[in-house]
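K.L.:
Here the protein sequences line up with chains A and Y, keeping their order.
Per the working numbering, the first sequence starts with residue 1, numbered consecutively.
Per the working numbering, the second sequence starts with residue 1001, numbered consecutively.
2 protein chains.
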Amino acid sequence: MPLAVARRNRYTMNADGASKGLSLASINQAVVKCEYAVRGALAIRAEELREELTSKAPAAYPFQRIVSCNIGNPQQLGQQPITFFRQVAALTEYPDLLKSEHAAKLFAPDAIARAKTLLAAIGGSTGAYTHSQGIPLIRQNVAKFIEERDGFPADPNDIFLTAGASPGVQLILQTLIAHEDVGIMIPVPQYPLYTASIALFRGNAVPYFLHEEETWGLSVDELARSVADAKKKGLDVRALCVINPGNPTGACLSVENMRKIVDFCHREKLVLLADEVYQTNSYMPKEFPFNSFKKVLKSMGPEYDSVELVSFHSISKGMVGECGRRGGYFECTGVAEDVKEMLYKVASISLCPPAQGQIMVDLMVNPPRAGDASYEQYKSEVDSIYESLKRRAERLAAAFNKLEGVSCQPAQGSMYLFPQITLPPRAIEAARVAKLEPDALYCMELLNATGVCVVPGSGFHQKKGTWHFRSTFLPPENDMDDFIQRISTFHQQFLTRYS
Amino acid sequence: MPLAVARRNRYTMNADGASKGLSLASINQAVVKCEYAVRGALAIRAEELREELTSKAPAAYPFQRIVSCNIGNPQQLGQQPITFFRQVAALTEYPDLLKSEHAAKLFAPDAIARAKTLLAAIGGSTGAYTHSQGIPLIRQNVAKFIEERDGFPADPNDIFLTAGASPGVQLILQTLIAHEDVGIMIPVPQYPLYTASIALFRGNAVPYFLHEEETWGLSVDELARSVADAKKKGLDVRALCVINPGNPTGACLSVENMRKIVDFCHREKLVLLADEVYQTNSYMPKEFPFNSFKKVLKSMGPEYDSVELVSFHSISKGMVGECGRRGGYFECTGVAEDVKEMLYKVASISLCPPAQGQIMVDLMVNPPRAGDASYEQYKSEVDSIYESLKRRAERLAAAFNKLEGVSCQPAQGSMYLFPQITLPPRAIEAARVAKLEPDALYCMELLNATGVCVVPGSGFHQKKGTWHFRSTFLPPENDMDDFIQRISTFHQQFLTRYS
């Protein structure tokens, strides 16, 4: 019982006179226990190495720089931002530029027009708090985008702009987790935002397993098995999270599969949480097109109107890749008005999402159209990023599949590959001695030998006895040969060392 | 017992077949119960009126626009941003501007230099996730700022950049609230972020009362009374929040008073949470200068080294007023390394604060200095905002003090006045019938009659049987006469109506 421990420890610490309000033993044990592997031990070690590389002679390590493949952070690895987006951002930050005689030389006319529209919508300054739910005009544009995408109506009042998808997910989980027996179904492997946040809010992650051998497919039988097991344990299962396209798996769900999932939620009265932040990162659009859960749900007819769906989107992913400004939104479908009022109230405690994040949501959902001054450049930039991502995904998956004891599913979507690695028994034993998960040992040795930072599969959870790592395929194309070479050499040396 | 209620309600709702995961009865009751008056019923009504005013004939109301004095949001009310800050923001958003032949005409050389430095520090793009604790260079600059301000060392590793002060406060409260009997001492009146967040994390607000008749002074006897009462109730009191300069009171603490507060925390083994976001909003700097708790604590000698202090600052207040970009920081003093690691871990789940918020922290703590190209303009802009705020504070306080039955303490600091209003018994009775707090009735009638939105004192808590409201003094100076006139006329009519 963590609560009892925390209560006892506080008084123990008082008695011996030590400082106590903020000690590991006395603080909220949910804070102590939650884990977020994407920025965990590996990422911390990578930061240390990065600092050492800049402060010491580069000869200290057999590499000159850290390649952060632990996180989908494209612009850190050299992806260029979309010009139109940044022109509008700059103009809204410093509206004096609009008055300059040079404005027309420096900025496209549609960027100037958009900046003026946005400045008017936000009351003149990116320095003012906005509406807590997000700037009304931008929510209207999000609703239009959803309508065009899905062919079903969307209401700006159902849309909440957020500081990236993560705070939106956290707000919904915090709202759902009414007591310590609440269960939230999550895929395994999952993006660790889910396990970390569920642990922070003292709920219970209820795992359902994706089928690696079927390109990480999701079966409704497995959902039924998962919820039945959870109920046996006395859990009050309230929601099902689906990540589509998958993170870390890259898998894209078929419409048929999605209909079964919606039906399952309807039968089990589960809130459906659809993490759709990779909706434009779909690299086999003919075979595995992206469909939103909103569209699938709405196409199933009025008997499914009672299904509660919350869909998340972000400016950090896709070809936008604007992680640093923190922007995103969620759309509520079938959610009661009074509950939306509660969401608004809690959102308002943090005042508002960052204005530049909101502006980027506007640009993402309402980009230049054919005929606009910036359209050709916009389209060429987006297409070039997309094609390059697709090439890099294929190339890296092929390289992983060439490694001894490694098998990697193709990336249908997202920004990640999640290869399975067979680790020699001696490596597993060495990990046990080092008190590490075997894949964490592998990843730590990879980092120390090559400067490449990936995340151990154990951070995403995985089927017992299998080992993986997650790597983005974001290193620039002209670094790919070197990147693949470094990993391959390390991998062979690792196998030799532990054989 | 909210937990038991939530558990029962879920199953009740299941039985009758209604949708249930997201109903008021089934969700986290802490979400349902928490209150945040600054953006509560009054602010929601103000938004409705604002929409009506733009969509209908303005004749529908006896005013043309809404004046939002419910929230310290200076740029919404026309305060101009600091030019240097926005030049750097624009250049970091669109670095192509740096290559333009017009750059030197459009931007000051020190803005160009700063943008280059910041772009190098963030790896080239504001679109990349940064270090979860904040960009290292900016944390170094924050540490230098604190050292210059206080005369004591500061360590960049003790500093966490945040998306405004609020998420920092919430992170610390979430960490402190280990179980449902934890108490957090808060001033009354308080900024409702505290009661809202403590309620969300299922802790207990332990009120200590400020002395209105002594310009909202804080007495250590009252702190002792408060903690003793809480202990009698079985609460495990772990921290003391102090807001200095005060919100909503504007009061600035003396060094003597602060030393007693530190000593009280030392004796009672309480973590000291110092909300110092109004540190530059000090309008009587000779009589009531701002001193940081860090400085006071460090000046008290090594026997106080065990005191744990977390100090909060923000870019939203002061003469910066950049609320919309969400930036701030907190500094940990005397906090254990392993606890800071936990704070880092939880911060990393949300990835990073917005890059433009972090950049503005850099500009706030490291503004142009004498001799820099932008210095004269910077100084003139800051001085002009400061002098104007001071004049508006004095003018509005004088106007409030002229109203029948109203008494208002002078604003020593912050952006608010918190006048006490004597309400006629018939108004109190009318409020009872309308199921409103009497001061909420007053504020709602004020809004509907004048378009002026303020916050009822009940939202900040107040001594029983006293009524107040909080108003910013942020309306532009040339609107002040009209603003005061509108409130005065309403006030007289209100008294007549309920006499």
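Just so it is clear, CB atoms sit at the ideal spot from N, CA and C, and this is done for glycine as well.
The structure presented is a predicted model; accordingly, all values stated were derived computationally and were not measured.
Does any residue of chain Y bring its CB to less than 8 Å from the CB of A:D150?
P.N.:
no
K.L.:
Expressed to the nearest angstrom, what Euclidean distance is found between the alpha-carbon atoms of Y:T1012 and Y:L1200?
P.N.:
Note on Y:T1012: pLDDT 45, under 50, position unreliable in the model; no value is reported.
K.L.:
If you drop the 5 nearest sequence neighbours on each side, which residues of the same chain put their C-beta closer than 8 Å to that of Y:K1105?
P.N.:
none
K.L.:
Among residues of its own chain, excluding the 5 on either side of A:G334, which ones have a beta-carbon nearer than 7 Å to its beta-carbon?
P.N.:
D305, S306, V307, E308, L309
K.L.:
Tell me, please, whether the CB atom of A:K463 is closer than 8 Å to any CB atom in chain Y?
P.N.:
no
K.L.:
Taking only runs of the alpha helix (DSSP H) that begin and end inside the region 1243 to 1289 of chain Y, which ones reach a length of at least 4 residues, in chain order?
P.N.:
1255 to 1268
K.L.:
With 16 other CB atoms within 10 Å as the buried threshold, where does Y:A1120 fall?
P.N.:
exposed
K.L.:
Looking only at its own chain, which residues have a Cβ that is under 8 Å from the Cβ of Y:H1179, when we skip the five neighbours before and after it?
P.N.:
D1236
K.L.:
Entirely within the region 1452 to 1493 of chain Y and at least 3 residues each: give me those beta strand (DSSP E) ranges in chain order.
P.N.:
1469 to 1472
K.L.:
Does DSSP put Y:T1496 in a helix, a strand or coil?
P.N.:
Looking at Y:T1496 - three-state DSSP - the assignment turns out to be helix.
K.L.:
With a threshold of 7 Å (Cβ to nearest heavy atom), would A:L223 be considered close to the ligand ATP?
P.N.:
No copy of the ligand ATP occurs in the structure displayed, which carries no ligand at all.
K.L.:
Could you tell me how far apart the beta carbons of Y:M1284 and Y:Q1412 are, in whole angstroms, since I believe they sit closer than 8 Å?
P.N.:
About 5 Å separates the two Cβ atoms, so the contact holds.
K.L.:
With burial defined as no fewer than 16 other Cβ atoms inside 10 Å of the residue's Cβ, what is the status of Y:P1248: buried or exposed?
P.N.:
buried
K.L.:
Can you give, in chain order, each stretch of the alpha helix (DSSP H) that sits fully within the region 1367 to 1420 of chain Y and has at least 4 residues?
P.N.:
1375 to 1402
K.L.:
Am I right that A:L474 and A:L77 are in contact with their C-beta atoms under 8 Å? What's the rounded C-beta distance?
P.N.:
Taking the Cβ atoms as the reference, A:L474 lies roughly 5 Å from A:L77, within the contact range of under 8 Å.
K.L.:
With C-beta atoms as the reference, is A:P354 less than 8 Å away from Y:R1325?
P.N.:
yes
K.L.:
Here's the rule I'm using: 16 or more other beta-carbon atoms within 10 Å means buried, otherwise exposed. How should Y:N1478 be labelled?
P.N.:
It counts as exposed.
K.L.:
Can you name the residues of chain Y whose CB is closer than 8 Å to the CB of A:Q29?
P.N.:
A1178
K.L.:
What residues of chain A sit near Y:P1081, judged by a beta carbon separation below 7 Å?
P.N.:
S125, G127
K.L.:
Give the interface partners of Y:Y1094 over in chain A, defined as CB-CB distance under 7 Å, in chain order.
P.N.:
Per Cβ cutoff of 7 Å: R86, Q87, A89, A90.
K.L.:
Comparing alpha-carbon positions, which option in A:Y416, A:E394, A:R432, A:L118 lies nearest A:S68?
P.N.:
The candidate whose alpha carbon is nearest that of A:S68 is A:Y416.
K.L.:
Compute the distance between the beta-carbons of A:E437 and A:S458, then report whether it is under 8 Å.
P.N.:
yes
K.L.:
Within the same chain, show all residues whose beta-carbon is closer than 6 Å to that of Y:Y1498, passing over the 5 residues directly before and after it, in chain order.
P.N.:
Contacts found: P1424, R1426, A1427.
K.L.:
In three-state DSSP terms, what is Y:C1323?
P.N.:
helix
K.L.:
Would you call Y:D1275 buried or exposed, if buried means 16 or more other Cβ atoms sit within 10 Å of its Cβ?
P.N.:
buried
K.L.:
If you run the structure through DSSP and keep just helix, strand and coil, what is Y:M1185?
P.N.:
strand
K.L.:
Would A:N14 count as contacting chain Y if we go by Cβ distances under 8 Å?
P.N.:
In this prediction, A:N14 scores a pLDDT of 45, lower than 50, which makes its location untrustworthy; no coordinate-derived value is stated.
K.L.:
Please list, in chain order, all residues of the same chain as A:A230 whose beta carbon is under 7 Å from its beta carbon, the five residues on each side excluded.
P.N.:
G183, V206, V237
K.L.:
Using the beta-carbon of each residue, which ones in chain Y are nearer than 7 Å to A:I71?
P.N.:
The CB of A:I71 comes closer than 7 Å to the CB of Y1129 in chain Y, given here in chain order.
K.L.:
Rounded to a whole number of angstroms, what is the C-alpha to C-alpha distance between Y:L1193 and A:K345?
P.N.:
12 Å
K.L.:
Below 6 Å CB to CB, which residues in the same chain sit around A:L49 once its five sequence neighbours on both sides are set aside?
P.N.:
I66
K.L.:
For A:I243, would you say it is in contact with chain Y, using Cβ-to-Cβ distances shorter than 8 Å as the test?
P.N.:
no
K.L.:
Can you list, in chain order, the residues of its chain whose CB lies under 6 Å from that of Y:P1002, leaving out five sequence neighbours each side?
P.N.:
Unreliable placement is indicated for Y:P1002, whose pLDDT of 48 sits below 50; the coordinate value is still reported in the next sentence. Here the set comprises Q1029.
K.L.:
Please tell me whether A:G134 and A:Y442 are closer than 8 Å, where the distance is taken between their beta carbons.
P.N.:
no
K.L.:
Can you tell me the Cα-Cα spacing of Y:L1495 and Y:A1398, whole angstroms?
P.N.:
19 Å
K.L.:
Does DSSP put Y:I1146 in a helix, in a strand, or in coil?
P.N.:
DSSP places Y:I1146 in helix when its eight states are reduced to three.
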